[in-house]
Structure formats: C-alpha cells, structure tokens
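Here's the structure, in structure tokens; my notes come after.
There are 2 protein chains.
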Amino acid sequence: MQDVAKHAGVSSQTVSRVANGLQNVEESTKKRVQESMQALGYRPNKAARALRSGRFHNIGVAMFTLSSYGNMRMLDAVASAAADSGYSLTLVLVGKPTQHDVSDAFDRLLEHGVDGILIVIEAHLADAAVVELPAGLPLVVVDSVTRSDYPVVDNDQAGGARLATQHLLDLGHETVWHLAGPEPSYSATRRLDEWRSVLLHAGRTVPPVMHGDWSTAAGYRAGLELAARDDVTAVFAANDQMALGLLRAFHELGRDVPGDISVVGYDDMPEAESFWPPLTTVHQNFESVGQRSVQALLAEIEDGPGRTGTLVVPTRLVVRSSTAAPRAIAATG
Amino acid sequence: MQDVAKHAGVSSQTVSRVANGLQNVEESTKKRVQESMQALGYRPNKAARALRSGRFHNIGVAMFTLSSYGNMRMLDAVASAAADSGYSLTLVLVGKPTQHDVSDAFDRLLEHGVDGILIVIEAHLADAAVVELPAGLPLVVVDSVTRSDYPVVDNDQAGGARLATQHLLDLGHETVWHLAGPEPSYSATRRLDEWRSVLLHAGRTVPPVMHGDWSTAAGYRAGLELAARDDVTAVFAANDQMALGLLRAFHELGRDVPGDISVVGYDDMPEAESFWPPLTTVHQNFESVGQRSVQALLAEIEDGPGRTGTLVVPTRLVVRSSTAAPRAIAATG
DNA sequence: GCGGCTGATGTTCACGTAAACATCGGGACG
DNA sequence: CGTCCCGATGTTTACGTGAACATCAGCCGC
C-alpha cells in the first residue's frame, strides 16, 4: 500500500480510501491511484484488513456430509449467495453427529476467522445445551430445529410429506407405507410425523414405520420386505435415493410400479425423472433456502441480532409415472 | 492475549509460546497459562496471526459446479484432508468456463487470503495463458491438464475408458458406441480418445460420436436416437447420469438391457448399483485424488515449489447387470 | 568465588490496514 | 477583504500476534 501511495504521489490513507470506494476522493486522484494499483499489482491484505476492521468477510458452513443430494445443493446455493455479497465461504465437515465432533467443528470454524456460521446439520442439535456457542457470534440454523433462539431457515418438510401422502390417498390407495430416514434426523422425523398425521386425519390405518439411512441400499432392503407382502399398494420414501432402492427391489421381485405398487420419493434430484419408472417426488427449493439463509446470516452480521423465528420455504409435488391408482380401483373405475 | 498474560502473571509472549506449543516453557508456567486461557475463554485471533506470519492456514478450492457427482466427492475428500492437516477450506464456484469468470474466481480467492489454490475445473484451462496466475502462489490442478508447469493429480481417465471399452469387446460385441461428455471437458476428451484408440487397435469400426452435457436428459435424448438403430448392441456412456438417461430411453422403447443393448457408465455413483438394471461402470477413487491433491498442495505451501508432474490415481471396472454378451453370441455360444 | 553458559521469560517492534484526528486550500458570505 | 466552513488529503495510531533480541537466574568448571 505504501508503494502504491508513493507511486501515485499520495498518502497511504488515500489509497485506502480508494480501495474501499469511499466518497470524498477527487476523481483525478482516484484514477491516478487506481492506475498505480494496477501497475504495481497491488492486492489489499486480507489479514491486515480483518485485523483492523474485525470483519473477515467470510462465513462458515458446518455440514455433516456432502453425500446427500440436499446438502450438496444447499452448499451450492449458499456459496453462490455468499459470493454475490462479497463473502467467501469456509467449509467444515462434521464427522459424526456426536457432541464432540460438532463442538470440534465449531472450534475450528471460530479459530479460522468467520463472521458468522451457517449450520446445516439435520440431526437433533435441538434438545441441547449440547452445542455451546459463544454468544454474540451470528448463527443461522438450516434444515433442522427446535431451538428458537436462532433464526432458522428450512424447507417445508411437513408440507412436502403431506402432499406426498395425500397424493397417494387421492389416487385411491387405502393407506400408505412409509420408509423414513434415520431416527436422529430432524427432517426425517418431521416427514414421518406429517405422514402419520395425514393418515390418522383421513381415518386410515397406519402401517408400521420402516427406517433407512437415506441410501439406496437401505431402500433396497426395505423394498425386499415390502414386496413380500401383498397388502402394500403405495409407499412414500423419505428421499429419492431410498425410493430408487425400492424400485430396484420391486423390479427384481417382479412387482410392477405403478401397477402393483405406487412409489413417491422426496428431494426431486435431477436423476429422479430418469428412474424407471420416472419418480413422483417432492421438489425442494434448495436454492431459495440457501439464499435466504445467507441473507439472514448477513443481516445478523451487519445489523446485529434480529429475527429469531423460522422461515419456511414451500415445496411442491412433482407427479411422474411411479404413482397411479391401485389396481382394484383402476379396474372398477 | 494481554488479559490472559495478566491473569496468569506472565508476559504476553509467554502466552504466545504456550499457544503455539513451543518448547522452552516450564511445565508449571504452561499449565497456569492454559488454565487462564480456559478461564477467560481466550481464542487466538486468526487475522493477527495471519498478518504476522503471512500464513492463513487456508486453502482455496475453485470449482465449476457441485452438481456433478465427481466434483462433490472430490470436495468432500479435499475438505477432510485439509481439516486433518489443520487447514480450512475456502470454496469459490466459477459460474461459466469463460476466461473472465475464471480470472474473477482467482481474484476472489487471492483477496480472501489463501495459502494455495486447488483448481478442480475439468475444462481445458490447458491451452491457456488464459489463466494468468500470480507466480509464487502454490497451485495444484485436479482432474484437468495439459500444462506441466504445475503439479497435477487426476484419475486415470484413459485407463477407465480402456477398461470399459475392452470389457464390452471381450463380451463379444462387434463395436461399442460412445456417448461422450461435453467437448470442452478435458476428462470427456480423454475418455473419448481412449475409447477410439481401443476400437482402432482392435480393428473395429468406430461409430459416430455423440456428445452430451453429463445430464440424464442428454442421455435420454441420445438413447432415443440409439434405440432407433438396430445395429447398436453396446454403449459406453461417459458418466453414470447419462447412462441412466440411456436406460430410461431403452426402457421406454422396449429395448432390453442387457439383452438387446449393453450399457457401461463412468463414476460409480452410489445410485448406480440400484439402477435398473444395476449399472456396470468405472469406479473412480475420488477420496484418493482429493487426499493426494491436498498433500501435494501442502507440500508446495510448506516446502516451496517441488514436483510438477502428473500423479495418476488408478480406476477400476465394476461389473453389474447392465452388460452381457450380444444376443447373437449368447444364442450360438 | 567468578566467568561463562544455558534455559526460562520479558521487551520491543513491525506486519498492513482503517479510524480518528489534523491540516490545508478554496469558495461563500457579510 | 476577512472569516468561516467544507471537502480533499495527510498524519498518527492501534488492531493482536510472533520474531528477534534482551534479561535474568541458576549452574558448571576451574
């Protein structure tokens, strides 16, 4: 910076003013300084700037894994939104949902200079004093919640589950089976609860719940069990990957989809439209969730603590060929 | 830090020594300081540390998109490897493969304080003085290359393509069609070249090349075309998603896989084993590529410029049910 | 017992920046 | 014509840390 100042024949402070786009710099001076910056290949030093201003212009993202489609899309959206606001993004992956690993991730994030943290962890952090956060550090929770002391942004999990379940009932299925996500997942819990609630509300019997770990393998195993029964005509899987596993099991055992069994997924991953048959599923607007999360976090960072409520982003049902009326209805209707 | 020093009754420099785990601090003093740090909730200031030491302990990752399975896995591996070495990771997504966007991404990365950059961009940056990088900044190129002035780590694209093509020929197919990735992709080009080379070496005719954009939709379109011909018995798709699109098209048009047509993919995404039929595909070891990339980058950062060669990580073929001998052979054999 | 040596600890300083304050020159107005 | 004010620019300083150097106490060998 000194060099630039000397080169342009001004003080370093004027260079600083130009670099930060402040008002009161004469046009000619500004131009001269910019040329000098160009000529000398000047780049402001992030560390010094952060030291002086107390701002890193960097947000931290804590996630469990990138292996789930939803997380990946979320990260994509968050990265874009952050970049648009001039913030970079530091990613920390949390190994396991243990208290230790989560705390450790926060420590790493704090030590690495972030202005705020976006927590994208679907498990129940909820219950907890588990996660002890230094007060005053802006924080937004994504896709998980019961604590109301932080802003929360999320997809409308209950709404999506309701759409899926109701769609199957509307087609004439007597009831709907559910392949839920892992128990510690808050998203999984909410989808499960709403599925049950819709069935009860409609006065239907609630079949036993099956749990998977989101993987196709889990879906496959569940599919083998379901296919062995002859009273199963409709299944709602808590994500597309498990739904794919179901489809595979049904194919192998010769159960026709949707002729014998209708299947609905959740996520609308890009591959879902090319599954065989193309999968009816719940589309989540991850872009919107990512954008709004960043927006909320930056608001907290720049304007201090604000709203702490939950912001819910709507989901919608995408109907494809994996769902149809049950055979009995189709025949008589 | 001052506060901690006062609290522990030592100088700030001693606190610094404890914080950095240096040798010559008496055990009792060290313990006292650590207790004080605990008591006051002291956290070293990253910015000041970076300013003083010139090291950010942060590596930058430049990627095009997270939407491809490979990139996502790579990022996962890179994040873990970096964390293991005490580095955090700053992610910058490059919008489009234009020179402008790429340069812009580098600028952002440089301004945001990184010690080195990992470029995970599959397009031909190669040709270029396109990308003008400040000399002296450690850089490792992943999954793309022709420039030899930087270390490069990559999957064995050619090897994978060879395994896939040869597998189909070995099954008795007269020739193999190829649905390639987009032309600007270097990975796509290498798979394409090796496929052609294997066919030529075996003295087979080389069918016209089709290009897709990695998406299932592109695979579906290509599949509709291929299914319309009756001389197609084997297709090698440049990734699993396009292979999935092929499968869908073949299902819709009643072509049996692998009875009428065998299909091989590339990537071995977790879903591939649950496609219908389960997909024969080339497995890439993204974890290994990610780890070695970080390793190479950290070596450059900490020991200065070193090796500039290419490190190739082997791939392997995973045979599932989407490939079989062609019907003519199966009948006579 | 004294010089010199070693290891623990304290003191000083600079890293690059931006805020706060100081200065300077020119125009408006009485 | 002098005063005041305002905008442009310069000067000073502190942010928190770690390297370099200074100091200081104890211990060894002669």
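These protein sequences, in sequence, are chains F and L.
Going by this note's numbering, the residue at position 149 of the first sequence is 150; the numbering climbs one at a time, nothing skipped.
Going by this note's numbering, the residue at position 209 of the second sequence is 210; the numbering climbs one at a time, nothing skipped.
C-beta atoms are modelled at their ideal positions from N, C-alpha and C, and glycine is treated no differently.
As the structure is a prediction and not an experimental result, all values here were calculated from the model.
Nearest in C-alpha terms to V319 of chain L, of all of L:H101, L:S69, L:D269, is L:D269.
One finds L248, R249, H252, W277 in chain L with Cβ atoms closer than 7 Å to the Cβ of W277 of chain F, taken in chain order.
In this model, A80 of chain F and L92 of chain L are separated by some 7 Å (Cα to Cα). Proximity of chain L to E175 of chain F at the Cβ level (cut-off 7 Å) is not reached, the minimal Cβ distance being about 27 Å.
Using a Cβ-Cβ distance cut-off of 8 Å, the segment 303 to 317 of chain F and the segment 152 to 170 of chain F are in contact, since at least three pairs of beta carbons, one from each stretch, lie closer than that value. Ranked by Cα distance from S294 of chain F, the options F:A48, F:S37, F:G61 are led by F:G61. Short of 8 Å from the beta carbon of G42 of chain L, and not among the five residues preceding or following it, lies no beta carbon of its own chain. Under the DSSP assignment, V295 of chain L falls outside any beta strand (DSSP E), being part of the alpha helix (DSSP H) whose first and last residues are 287 to 304. For H284 of chain F, the three-state secondary structure derived from DSSP is strand.
For T281 of chain L, the closest alpha carbon among the candidates L:E288, L:P185, L:A273 is that of L:A273. Where L90 of chain L is concerned, the enclosing beta strand (DSSP E) starts and stops at 89 to 94. Partner residues in the beta bridge of R317 of chain F, as assigned by DSSP, are F:H284. Residue burial is scored here from C-beta neighbours: R191 of chain L has at least 16 other C-beta atoms within 10 angstroms and is therefore classed as buried. In this chain, the alpha helix (DSSP H) harbouring S188 of chain F covers 187 to 202. Burial of E123 of chain L is indicated by the presence of at least 16 other C-beta atoms within 10 angstroms of its C-beta. For G55 of chain L, the secondary structure class from DSSP, reduced to helix, strand or coil, is coil. Not a single CB atom of chain F sits nearer than 7 Å to the CB of L227 of chain L. Assignment of L312 of chain L by DSSP, reduced to helix, strand and coil, places it in the strand class.
Closest in C-alpha terms to S68 of chain L, from the list L:S323, L:S275, L:S216, comes L:S216. By the Cβ-count criterion, R44 of chain F is exposed, with fewer than 16 other Cβ atoms from all chains shown falling within 10 Å of its own Cβ. In the three-state DSSP reduction, F237 of chain F falls in the strand class (E or B). At a beta-carbon threshold of 8 Å, the residues of chain F lying near D77 of chain L are T66, L67, S68, L94, ordered along the chain. Within chain L, the residues placing a beta-carbon under 7 Å from that of L245 of chain F are E272, S275, ordered along the chain. Taking the beta carbon of M73 of chain L as reference, the chain F residues within 7 Å of it are L67, M73, listed in sequence order.
Among the residues facing chain L, S89 of chain F is included, as its CB has a counterpart in that chain under 7 Å away.
Contacts with chain F at 7 Å (Cβ-Cβ) do not include H202 of chain L. Against chain F, the CB of A49 of chain L has a partner CB under 7 Å away; the residue lies at that interface. In the displayed model, L172 of chain F falls within coil according to three-state DSSP, outside both helix and strand. The Cβ-Cβ distance between A239 of chain L and V264 of chain L does not fall below 7 Å. Put simply, the backbone Cα of T66 of chain L is about 33 Å away from that of V233 of chain L. At the C-beta level, N59 of chain L and V115 of chain L come within 7 Å of one another. Interface annotation, G114 of chain L: in contact with chain F, CB-CB separation under 7 Å.
Taking 7 Å as the CB threshold, L52 of chain L lines the interface with chain F. For D268 of chain L, the enclosing beta strand (DSSP E) covers residues 263 to 268. Secondary structure at A326 of chain F: coil, using DSSP grouped into helix, strand and coil.
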